[in-house]
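Visitor: Protein chains in written order, with my numbering: chain B, 1 to 434; chain L, 1001 to 1433. Beta carbons are placed, not taken as given, at the ideal position from N, Cα and C, and that holds for glycine. Following this message is one structure expressed as structure tokens.
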């Protein structure tokens, strides 16, 4: 009993100690710029090893992905990480939290781009070092992390986030500090409206709704559709609104609009209501977790028409739906079956390294990083203003996810692809021009 | 009868002290806030001052929740809901108010709200600041009103039932806010000027969040409100209302038997807590520059409940310390700093305290020493093996919470304040002699 209490007291007291050490600790470390140790600290001679070294250990590894060789102790120690001459770029992402797979995929894409560039001699003859920080999927955490990247790690540019709400938390800080930020996959219009430092490489929400409508009305010649969307999600309700408007404009008819909310698992009520109207397809702009359930329940109710969706479907998890999602379609940023050489090269490299087919987020992360390097090379200096100017004047950049031209609102104009799900595999179906 | 009145007159403090006693908290707040903004802020890194700011808002939220969960012993799980109510109200007023009054939603503050880079050129307090402060207070009042409406019917319940009602309230707020129409974005500001104000009030962005808000929240405003919150809550605790709160926590039936109007005091505690939560919501929104109801679900409420429980149910200083610790801990664990300096400092403090109290407790000193050595050893081991601690930090964080709760189920300071803790022991030692 006495021993137990002693241990208990010690532990609690130590805990307070941690807290007190907090401020001094952060202060100490923020100057040295250690980060999570994802730095591709590859001096030229060591460059071939870079890809395996960039894969950070533990949590950032995808489940079932390749086990990167253990970094040797010297590389992991803060002192040995990178040299002062390196160009440091930052990435903030949800490596933990409910959307961790998004953050991890993006990070892998970026790491690949960094390793590749370093192998080819870096930018302006200098090596690039990537620092990735986890924001746990929280906006406040995002702000501390971005501040830390800019002030502590002295990054010249920031890449990040998938979710728009977190990009919107990070963007004002980058804008204020004059550090360019490129978001790989935040589709909310407001993100780039924060200021001239913020740009993106993915298309925005309205465009994807339009793509879905064009595909259904023009490619598939559907006349009667229904929509089932997540009312609580910006992405889902945004896509649905644009889709319904565009589909009507293109001569189609939307016979039913049903909504659900975050965390719903039972969609039978909405699906029954849709079944009565007998549509030719159902537009389901949602995330993959919801879509799998919706598809299964729809088939159980005897609904045989195809489901059509957006890039939120893009995940390995779709396999869980089995046959239910056969011959369904969704719009996406890229298809790994696209025959363009950039795509094939990227897919091959990614598969070699991570032993899985890259999803759209990985491709966008890869493109965001490469577009940044391209802009760095063109920019007269690495100062915030020059670099942002170079990024914003990007024209016809040949990315994996299409030819990217940044417009006046710092959004790209590019094509979208439609993928078909055939027996769990994704087949390229069509390319839709803006 | 007259003698009784005379007696009360003598007991009550002289008239002239009323004004100073009412004003000094505000002055203290301004002084502390100025120190935080002008002396502390610029001399620590931007990262540290950001953490300090977040810790500040968390202190307000944790201490205000202490009034309900700690003093009154009710279990509210809707604190983030009140924060959302206040945050959205104050975001609406700041954003649309700026558009209506100033013609633009751009930052229009003075030096006290300047968050941009470089020195601020302009007035000390701008028009925007006034709108911002007014909006925060309005946010607090709106949230308090919501607290009253929710509290009146539901606070007749107790324990688990109340927890579920407050949880439900938080979710209702979240879902309602997510169902609002798109906001009028800054580049359509001219459109908003022509729209009648009552139509603007519901254009809160829905699931996209209320974005692109001007950022006014600085260390000055946060610590001004932190000091006010702390003083108000401490005075409340020692007032007759506070004693009524505590009596309800200790035994509701007995309190009622002694003439305490249980429901009235519960509602009062609830309203006060909601006010400060709403205030903090405003600070939060104008710090991030965006507010999204999706981030203020019941998971967020749990953050504050953990702070209150960890600090000790009913301890203001405990909740404050817990808010600071829980804000810093995940960041500290990001790159585990050396443990031994903290251990040494802690040993020093404990030794001094024990020497002052003339009550040596060798076991605890040895325990801290051994603990420090073990933790430092573990850290060195991880470094030498190249194990990236940052990847496991959230597990460590959770583990520390579990250990903490097993070690001190009553929280850091139990139901007392940190100074009472030492005072009581001294008295106990003294009486023993």
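1. How about residue 1162 of chain L: is its C-beta nearer than 8 Å to some C-beta of chain B?
2. Around the C-beta of residue 1266 of chain L, are 16 or more other C-beta atoms found within 10 angstroms, so that it is buried, or is it exposed?
3. Name the one or two DSSP bridge partners that residue 296 of chain B has.
4. Just reading off the alpha helix (DSSP H) that residue 207 of chain B is part of, what are its end residues?
5. Mind checking who residue 1092 of chain L pairs with in its DSSP beta bridge?
6. Tell me, which residues are paired with residue 399 of chain B by DSSP?
7. Does residue 190 of chain B have its Cβ less than 8 Å from a Cβ in chain L?
8. Please state whether DSSP places residue 305 of chain B in a helix, a strand or coil.
9. Could you list the residues in the segment 1034–1059 of chain L with a C-beta less than 7 Å from some C-beta on chain B, going in chain order?
10. Is there a C-beta anywhere in chain L that falls below 8 Å from the one on residue 344 of chain B?
11. With 8 Å as the threshold, decide whether the Cβ of residue 1331 of chain L is near any Cβ in chain B.
12. For residue 1226 of chain L, tell me which candidate among L/1245, L/1208 and L/1063 has the shortest Cα-Cα distance.
13. Which residues of chain D have a Cβ atom closer than 9 Å to the Cβ of residue 1212 of chain L, listed in chain order?
14. I'd like to know if the segment 406–418 of chain B and the segment 155–166 of chain B are in contact, where contact means that at least 3 CB-CB pairs between them fall below 8 Å.
15. Using 8 Å as the Cβ pair cut-off and three pairs as the minimum, do the segment 135–143 of chain B and the segment 160–179 of chain B touch?
16. Does the segment 1205–1224 of chain L come close enough to the segment 1104–1118 of chain L to have 3 or more Cβ pairs within less than 8 Å?
17. Taking the alpha carbon of residue 339 of chain B as the point to measure from, which residue in B/430, B/131 and B/89 has its own alpha carbon closest?
18. Determine the burial state of residue 256 of chain B: buried for a count of at least 16 other Cβ atoms within 10 Å of its Cβ, exposed for fewer.
19. Give me the Cα-Cα distance between residue 1280 of chain L and residue 1324 of chain L, rounded to the nearest whole angstrom.
20. Within 8 Å of any Cβ in chain B, is that where the Cβ of residue 1187 of chain L sits?
21. Measure from the C-beta of residue 1398 of chain L to each C-beta in chain B and report whether the shortest distance is under 8 Å.
22. Cβ closer than 8 Å: which chain L residues qualify as neighbours of residue 144 of chain B?
23. Considering Cα atoms alone, identify which of B/124, B/97, B/96 and B/129 is closest to residue 112 of chain B.
24. Would you say residue 1175 of chain L reaches chain B, if we count a Cβ-Cβ gap shorter than 8 Å as a contact?
25. Among residues of its own chain, excluding the 5 on either side of residue 1269 of chain L, which ones have a beta-carbon nearer than 6 Å to its beta-carbon?
26. Determine whether the beta carbon atoms of residue 199 of chain B and residue 392 of chain B lie at a separation below 8 Å.
27. How is the alpha helix (DSSP H) around residue 247 of chain B delimited, first residue to last?
28. Counting only Cβ pairs nearer than 9 Å, list the residues of chain B close to residue 1294 of chain L.
29. Check whether the segment 1280–1297 of chain L touches the segment 1136–1150 of chain L, taking contact to mean three or more Cβ pairs, one atom from each stretch, closer than 8 Å.
30. Does the contact criterion of 3 or more C-beta pairs under 8 Å hold for the segment 1235–1250 of chain L versus the segment 220–236 of chain B?
31. Rounding to the nearest angstrom, what Cα-Cα distance links residue 96 of chain B and residue 1391 of chain L in this structure?
32. Taking only beta-carbon positions, decide if residue 206 of chain B is within less than 8 Å of chain L.
33. My guess is that residue 1316 of chain L and residue 1233 of chain L are in contact by the Cβ rule of under 8 Å, so how many angstroms apart are they, rounded?
34. Looking at C-beta atoms only, is the number of pairs between the segment 179–186 of chain B and the segment 375–393 of chain B that lie closer than 8 Å three or more?
35. Per DSSP, what are the beta-bridge partners of residue 328 of chain B in this structure?
36. Quick one: measure Cβ to Cβ for residue 1011 of chain L and residue 1305 of chain L, integer angstroms, because I've assumed they're closer than 8 Å.
Guide: Result, derived from the coordinates:
1. no
2. buried
3. Under DSSP, residue 296 of chain B takes part in no beta bridge, so it has no partner.
4. 205–214
5. Residue 1092 of chain L is not bridged to any residue.
6. B/402
7. yes
8. coil
9. 1044, 1045, 1046, 1047, 1048, 1050, 1051 and 1054
10. no
11. yes
12. L/1063
13. Note that chain D does not occur in the displayed structure, where the protein chains are B and L.
14. no
15. yes
16. yes
17. B/430
18. buried
19. 15 Å
20. yes
21. no
22. 1047, 1050, 1051, 1054 and 1331
23. B/129
24. yes
25. 1067, 1068, 1072 and 1245
26. Yes, Cβ-Cβ distance for residue 199 of chain B and residue 392 of chain B is below 8 Å.
27. 234–249
28. 165, 232, 233, 234 and 262
29. At 8 Å Cβ cutoff, the stretches touch.
30. no
31. 9 Å
32. no
33. 5 Å
34. yes
35. The beta-bridge partner set that DSSP reports for residue 328 of chain B consists of B/421.
36. That belief does not hold up - the Cβ atoms of residue 1011 of chain L and residue 1305 of chain L are roughly 39 Å apart, past 8 Å.
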